[in-house]
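*Asks:*
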Amino acid sequence: MPTGLLQMIINRTHMLLPVLCLLMACHNKPVPITETISINEVTLPLGFNIETLYRPGAHEQGSWVSLTKDEEGRLYASDQYGTVYRVTLPDQAHHRDSVQVKKLAIQIGMAQGLLWHDEVLYAVVNAETNNDMGIRSGFYRITDTDKDDAFDTVTLLRAFDGDGEHGPHNIVLAPDGESLYIVLGNHTKIPEDLGSAVPKQWGEDNLLPVIKDPSGHANDVKAPGGWVVKTDFEGKDWTIVNVGLRNTYDMAFNPDGELFGFDSDMEYDMGMPWYRPIRLCHLTQGGDFGWRTGTGKFAAEYPDNLPAIVNMGQGSPTGVLYGKGLKFPEYYQDGLYLFDWSYGTMYFASLSPNGSSYTAEITEFLSGVPLPLTNGVVGKDGALYFLTGGRRLESALYRVTYNGDLNHEVIPLKENRSGKKERDLRKTIERLQLEKDARKIDFLIENLNHEDRYIRFSARVALENQDMVGWRADITTQQEAMRKIALAIAIAHQGEDSDRLLALNALVELDWISLNTTEKTDFLRAIELLIIRMDQDMDTTLKNALSGKLLPFLFKETSGINKQLVALLSYLDLPEILEPTISQMEQDTITDQFKGMYLSSDISKRSAQYGQDVENMLKHMPNQQHISYARSLAELKTGWTKALRERYFRWYGEAFTKKGGLQYTNFIKAIQRRALTNVPEADRAYFESLGEASMNDLEDLMKDVQAPEGPGRNWTVNEVVNAFARNRANANFERGDNLFRATLCVACHEINGLGGSVGPELSQLGTRFTVKDIAEAIVNPSQTISDRYRDAIYYLKDGQTVTGRIIEETDQDIVLSTNPFSPDITTRIVKSDLLKKEPSPLSSMPPGLINTLNEKELSDLVAFLLAGGDKDHSIYETSH
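Going by my numbering, the first residue of the sequence shown is number 6, and it counts up by one from there.
1. Counting only runs that start and end within the region 55-93, where is the beta strand (DSSP E) found for 3 or more residues in a row?
2. Taking the alpha-carbon positions, what's the valine 890 to glycine 328 distance?
3. CA-CA distance, tyrosine 337 and phenylalanine 353?
4. In the DSSP assignment, find the unbroken beta strand (DSSP E) run with leucine 119 in it and report its ends.
5. If you follow the alpha helix (DSSP H) that glutamine 817 is part of, which residue opens it and which one closes it?
6. Taking tyrosine 145 as the reference, give the member of Val125, Thr134 and Asp153 with the closest Cα.
7. Between the alpha carbons of serine 605 and phenylalanine 370, how many angstroms are there, rounded?
8. Rounded to a whole number of angstroms, what is the C-alpha to C-alpha distance between leucine 199 and valine 246?
9. Tell me the DSSP secondary structure of arginine 146 in three-state form.
10. Given that a residue counts as buried once 16 or more other Cβ atoms are within 10 Å of its Cβ, and exposed if not, what is glutamate 882?
11. Is it buried or exposed, threonine 160, if we count other Cβ atoms within 10 angstroms and call 16 or more buried?
12. Sorted by chain position, which residues of the same chain lie with C-beta nearer than 8 Å to serine 879's C-beta, five sequence neighbours on each side aside?
13. I'd like the list of long-range same chain contacts for tyrosine 59, defined as Cβ closer than 6 Å, with 5 residues on each side in sequence excluded.
14. So what does methionine 602 bridge to, in DSSP terms?
15. According to DSSP, simplified to helix, strand and coil, what is histidine 498?
16. Quick check on this structure: which residue in Leu189, Asp225 and Thr244 has the alpha carbon closest to the alpha carbon of glutamate 197?
17. Taking a contact to mean a Cβ-Cβ separation below 8 Å, would you say leucine 356 touches glycine 340 in this structure?
18. Using DSSP with H/G/I as helix, E/B as strand and the rest coil, what is isoleucine 566?
19. Among Asp153, Tyr86 and Leu162, which residue has its Cα nearest to the Cα of asparagine 135?
20. Could you tell me whether the Cβ atoms of arginine 795 and proline 851 are closer together than 8 Å?
21. When burial is assigned at 16 or more other CB atoms within 10 Å of the CB, is cysteine 31 buried or exposed?
22. Whole-angstrom Cβ separation of aspartate 875 and asparagine 785, contact assumed at under 8 Å?
23. In terms of residue numbering, what span does the beta strand (DSSP E) encompassing threonine 379 cover?
24. How would you write the range of the beta strand (DSSP E) that methionine 256 sits in, first residue to last?
25. Using DSSP bridges, identify the partner residues of lysine 841.
26. Note down, one range per segment and in chain order, each beta strand (DSSP E) of at least 3 residues found wholly within the region 130-197.
27. Is the beta carbon of tryptophan 232 closer than 8 Å to that of leucine 189?
28. Under 8 Å Cβ to Cβ from asparagine 727, same chain only, skipping five residues before and after it: list those, please.
29. Go ahead and pull the three-state DSSP assignment for proline 322.
30. For the candidate residues Thr546, Asp157, Ile195 and Thr148, whose alpha-carbon lies nearest to that of arginine 163?
31. List the whole-angstrom C-beta distance separating isoleucine 38 from asparagine 54, where the pair is believed to meet the contact cut-off of C-beta under 8 Å.
32. Looking only at C-alpha atoms, which of Thr522, Ile518, Gln592 and Thr526 sits nearest to proline 557?
33. Quick check on this structure: which residue in Ala782, Ile676 and Gly764 has the alpha carbon closest to the alpha carbon of threonine 721?
34. Which class does arginine 284 belong to by DSSP, given the choice of helix, strand or coil?
35. Which of the three DSSP states is assigned to glutamine 630 in this structure?
36. Between the beta-carbon of histidine 287 and the beta-carbon of tyrosine 363, is there less than 8 Å?
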């Protein structure tokens, strides 16, 4: 072969080698195992094994919700309502009964977060008021001062003002081992003395009046919602890292040193434009994730909050851990495990760098019915240990191992090279969120239009923490649109009215047509924030300029921008928007955009029972876009004719035929009531009647119901369990359905799309509760009361007391729903007459509702509840 030809082949081969290597790497990239097996009613990937190691309830040790491990591999777990236990595990070769559990001989417990580090046990306690242990919510340090392997000292490092299901939660160690991160739910108040990477000028920031949750949940919770805080091991230095979460229970760091949290949804809001599914959030420093009470939640695309990296449908997020150290196949080591309590499902999130943040591939790792997951750890032996329990449910400790054919040696997890440059830039910017440096202001302004959303968000937050004198004037000289808009948002948060007015005029000068979709979204949000934060009213000249700029583009933009335009133009009270907006509302179209957040990949894999409430909604899907329009037009005062009002209020009749979360109908009613305030009083009854024809009430639900035959008895928990065991094989769906109504369960609880909304929705009851759990809840309803359904007792100055739930609140009054069977019956309290309020120890559900039933009837009712009102459920197979 000629020398020149040989050299050419060698050169071309060298050129192809990187490509060939890349192709081989892609080909060998780890993938999830798609084939599954079922072991003891838990489904998990082929090759994995699961075993139940211990059941605390069998030893009267409560319901365990938090877990950590020490250097020796021993576990520490806390009962949600009791003490902390040390768990010494057996080797895998030994029998599971050799698990040793010892109660810690100290006054500590009710810990929803536990962390072992450097021979110290740290606890985040979520304590009920006036608890038997005499401890309070807070951050505790637990030590063994005499080194005899027994804890002897408990130190409260900081108390927290919060408790319950949305109180203080979990704690994690920073990757550098130098600090701790704690996550707290949105019912935990932020102390004023904490430092913060997030500018403390947070607010509700809603242009239109917020409609609060009709069930009263979180109605008195103000911005900024749930939060993450960083502290040292002595609890002396504190810095707020994130705000705007709803109720994130747990967090974990990845090998890049980035923090992630699994945030909860408000399932009662399903079908509404402000609904946000459960979601995995990248908790970058300084981030606000936009939770606000009621209808006030920020849209994900708004520039003053950060979005999820992936939305995950519906559920109740609990534990989060990274797979580092697991003796699992490679794919299952490098990713996050996400625990969902409601659906008994553990997900695996494989992260891929995307700029300075990530995307996530979500697969289902394991699931069971019931399997109310709470928390987990990677064991010293490389196994995954996790707990089930919470709310006094039957609790268990499980171990998951891999014994399949794939290589499952622990691999070293390294920082991703991809995205490192962007992450490093963001972290450089984040340092300026806590440090003032006038020399860096130009650097921050330069990054306000970075293509990476997380970088430009961090730059704007850091800019707000610099002295405003160094950057306020840039709003008038800055030519680049995105930077000008970001400066306007910073001025809205930090400036005076004169600054905000200057920013408004600067924004009005921008050319709308030249803006891209993101810039238009940010532009409109900046205008909103400037208006919201101004104490003075907008002058007519500026209002006219803004209206003239935006009105020609109504309904010529994306759905998100159209919502913003209708809201802003309604606020500006422009009657020209009435006809075109009502015409849009009369086109009852459903878009894939709305269904997407409910038919996410994790939901679609589940059984019909798992997603039953979602499926009911999808059959009668509300149009979220039109609800947003209706809410905006409810605030518009001028330009209405009788014909336009008739068309607008008839829309409510159609809306009432749709299905959503449990408060869907009540939210639609609340929007309708706001609209009626702008109708002359003499005409209100007529326009209200246009939307009433399609509404159901309790009388319809009770039609043709047959009374129980009896004879009844005063049922105990064990008697209910035993009765069901004897009669389960002959369960009858029709009788169970009838008894669900006859015992008045239907008045307060929805199941399979039917019933009231005062109490918990029951369609997924069987996915997380055993028969014993259900019996406990019915026989002893006051033993465990969810925060969401707990009444409060209001003590008045004249000696009277009123018990109920807030459904509406103003600066002067509180409106309470006082009758669970007739939630529309309300009592109004003048705040000036209120002496104090305290949580009621009694459930609004009275005991004894099943005491009219005989054994067979009781069993039919329990079967109906376990089946979630689904006549095709497997529980009825033997009777078909």
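Glycine residues also receive a C-beta, built at the ideal position from the N, C-alpha and C atoms.
*Replies:* By the coordinates alone:
1. With a minimum length of 3 residues, the continuous beta strand (DSSP E) runs that stay inside the region 55-93 are 69-74, 80-84 and 89-93.
2. In the structure as shown, the chain starts at 6 and stops at 885, and residue 890 therefore has no counterpart that could be examined.
3. On the sequence shown, residue 337 is found 332 positions in, with the first residue counted as 1. On the sequence shown, residue 353 is found 348 positions in, with the first residue counted as 1. If you take the alpha carbons of tyrosine 337 and phenylalanine 353, they lie about 8 Å apart.
4. Indexing the sequence shown from 1 puts residue 119 at position 114. 116-122 is the span of the beta strand (DSSP E), which, as asked, contains leucine 119.
5. Here residue 817 corresponds to residue number 812 of the sequence shown, with the count starting at 1. Element bounds for glutamine 817: n/a, residue is neither H nor E.
6. Here the question's residue 145 lines up with position 140 in the sequence shown. The residue with the shortest Cα to Cα distance from tyrosine 145 is Val125.
7. Counted from its first residue, the sequence shown places residue 605 at position 600. Counted from its first residue, the sequence shown places residue 370 at position 365. Note that serine 605 scores 48 on pLDDT, short of 50, meaning its location in the model is unreliable; the coordinates nonetheless yield the value given after this. Distance between the alpha carbons of serine 605 and phenylalanine 370: 16 Å.
8. The residue labelled residue 199 in the question sits at position 194 within the sequence shown. The residue labelled residue 246 in the question sits at position 241 within the sequence shown. Looking at the two C-alpha atoms, the distance is approximately 11 Å.
9. For the purposes of this step, residue 146 is taken as the residue at position 141 of the sequence shown. Here arginine 146 sits in strand by DSSP.
10. Position 877 of the sequence shown, counted from the first residue, corresponds to residue 882. Burial call: exposed.
11. Taking the first residue of the sequence shown as position 1, residue 160 is located at position 155. Exposed, since its Cβ has fewer than 16 Cβ neighbours within 10 Å.
12. In the sequence shown, counting from the first residue as 1, residue 879 sits at position 874. Taken in chain order, the list of residues that qualify is empty.
13. As a position in the sequence shown, residue 59 is number 54, starting the count at 1. Contacts found: Val104 and Leu402.
14. The residue given as residue 602 occupies position 597 in the sequence shown. Beta-bridge pairing links methionine 602 to no other residue.
15. Sequence index remark: in the sequence shown, residue 498 carries index 493 (1-based). In this structure, DSSP gives histidine 498 a helical state, which the three-state scheme calls helix.
16. Here residue 197 is taken as the residue at index 192 of the sequence shown, counted from 1. Ranking Leu189, Asp225 and Thr244 by Cα distance to glutamate 197 puts Thr244 first.
17. The residue labelled residue 356 in the question sits at position 351 within the sequence shown. The residue labelled residue 340 in the question sits at position 335 within the sequence shown. Yes. Within cutoff.
18. Counting from one through the sequence shown, the residue named residue 566 turns up at place 561. Looking at isoleucine 566 - three-state DSSP - the assignment turns out to be helix.
19. What you label residue 135 is simply residue 130 of the sequence shown in a count that begins at 1. Ranked by Cα distance from asparagine 135, the options Asp153, Tyr86 and Leu162 are led by Tyr86.
20. The residue you call residue 795 lines up with position 790 of the sequence shown. The residue you call residue 851 lines up with position 846 of the sequence shown. Cβ atoms of arginine 795 and proline 851: not closer than 8 Å.
21. On the sequence shown, position 26 is the one that residue 31 refers to. Caution applies to cysteine 31, whose pLDDT of 46 falls short of 50 and renders its modelled position unreliable; the value that the coordinates give is listed next. Counting Cβ neighbours within 10 Å, cysteine 31 comes out exposed, since fewer than 16 surround it.
22. Residue 875 sits at position 870 when you count from the first residue of the sequence shown. Residue 785 sits at position 780 when you count from the first residue of the sequence shown. Contact doesn't hold; Cβ gap of about 27 Å is too wide.
23. If you number the sequence shown from 1, residue 379 lands on position 374. Here the beta strand (DSSP E) through threonine 379 covers 378-383.
24. Position 251 of the sequence shown, counting from 1, holds the residue named residue 256. Where methionine 256 is concerned, the enclosing beta strand (DSSP E) stretches over 256-258.
25. For this step, residue 841 is matched to residue 836 along the sequence shown. In the DSSP output, where bridge partners are listed per residue, lysine 841 has Tyr800.
26. If we require 3 residues or more, the beta strand (DSSP E) runs fully inside the region 130-197 come out as 143-148, 158-164, 173-178 and 185-189.
27. Residue 189 sits at position 184 when you count from the first residue of the sequence shown. Residue 232 sits at position 227 when you count from the first residue of the sequence shown. Pairing leucine 189 with tryptophan 232 gives a Cβ-Cβ distance under 8 Å.
28. As a working mapping, residue 727 is identified with position 722 in the sequence shown. In its chain, beyond the 5 residues on either side, no residue has a beta carbon closer than 8 Å to the beta carbon of asparagine 727.
29. As a working mapping, residue 322 is identified with position 317 in the sequence shown. Of the three classes helix, strand and coil, the one that applies to proline 322 here is strand, per DSSP.
30. Position 158 of the sequence shown, counted from the first residue, corresponds to residue 163. Here the closest residue by C-alpha is Ile195.
31. Numbered from 1 along the sequence shown, position 33 holds the residue referred to as residue 38. Numbered from 1 along the sequence shown, position 49 holds the residue referred to as residue 54. Actually they are not in contact, since the Cβ atoms of isoleucine 38 and asparagine 54 sit about 13 Å apart, beyond 8 Å.
32. In the sequence shown, the residue the question calls residue 557 occupies position 552. Selected option, being the one with the closest Cα: Ile518.
33. What you label residue 721 is simply residue 716 of the sequence shown in a count that begins at 1. For threonine 721, the nearest C-alpha among the options comes from Ala782.
34. For the purposes of this step, residue 284 is identified with residue 279 of the sequence shown, where counting begins at 1. Strand.
35. On the sequence shown, residue 630 is found 625 positions in, with the first residue counted as 1. Judged by DSSP in its simplified three-state form, glutamine 630 adopts helix.
36. On the sequence shown, residue 287 is found 282 positions in, with the first residue counted as 1. On the sequence shown, residue 363 is found 358 positions in, with the first residue counted as 1. In contact: histidine 287 and tyrosine 363 (Cβ atoms closer than 8 Å).
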